[in-house]
Amino acid sequence: MKSKYLLCLVLLTLTCLIAACIPGAQKKDEMIQEKKIPVILDTDANNELDDQHAIAYMLFNQDFFDIKGITVNKTRNGGLIEKHVEEAQRVVNLCGFKDKVKVIPGASGKYYEIFDSLEEEDYDGQKAVEFIINEARQSKADKLVL
């Protein structure tokens with residue numbers, strides 16, 4: 210008799226524990242979906258290998274990131290701005306996100322080189338700068354991470 214009582218108590222406890230866990234897991238998944246971080250990744254993708262990893266990590270974790278786009282700038286290593294853009298786009302394509310994530314070219318010159326032309330209508334890096342500003346203005350509920 211005592212063993213039947215103990216068995217019923219154990220089964221009842223397990224049932225309560227399982228029932229309590231299931232809704233919590235659903236709520237956690239809902240919270241993850243609601244709390245995506247709006248992000249723009251700014252990269253010099255053809256300079257060092259770390260940027261390729263950052264791009265892939267961000268793309269493969271879209272449960273957590275609301276990817277607005279990838280902006281690319283030139284650094285002293287890695288060639289012309291076009292090579293950096295090509296490398297970022299190559300990684301996006303390899304990850305299976307071709308035509309799903311924008312890759313926007315940024316500045317090819319150093320700040321002190323382009324400073325005097327920033328007032329011009331078509332300055333070096335304009336596409337990326339305007340993209341970042343527009344996305345920052347649209348992101349009202351959550352702050353945009355760059």
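In this note's numbering, the protein residues as written are 210 to 355.
Heads up, the beta-carbon is just placed ideally off N, CA and C, and yes, glycines get one too.
Note that the structure is predicted; figures quoted are calculated from it, not measured.
Sufficient close CB pairs (3 or more, under 8 Å) joining the segment 300-314 to the segment 273-288 | yes
Cα-Cα separation between residue 345 and residue 332, rounded to whole angstroms = 20 Å
May I ask which residues mark the beginning and end of the beta strand (DSSP E) holding residue 250?
-> 246-252
Note down, in chain order, each residue of its chain lying with its Cβ closer than 6 Å to the Cβ of residue 261, except the 5 sequence neighbours on either side.
-> 300
Alpha carbon to alpha carbon, how far is residue 319 from residue 266? Give it in angstroms, no decimals.
-> 28 Å
Contained beta strand (DSSP E) runs [length at least 3] in the segment 266-307, N- to C-terminal order | 274-281
Report back the beta-carbon spacing between residue 245 and residue 273 to the nearest angstrom; my notes put them in contact at under 8 Å.
-> 6 Å
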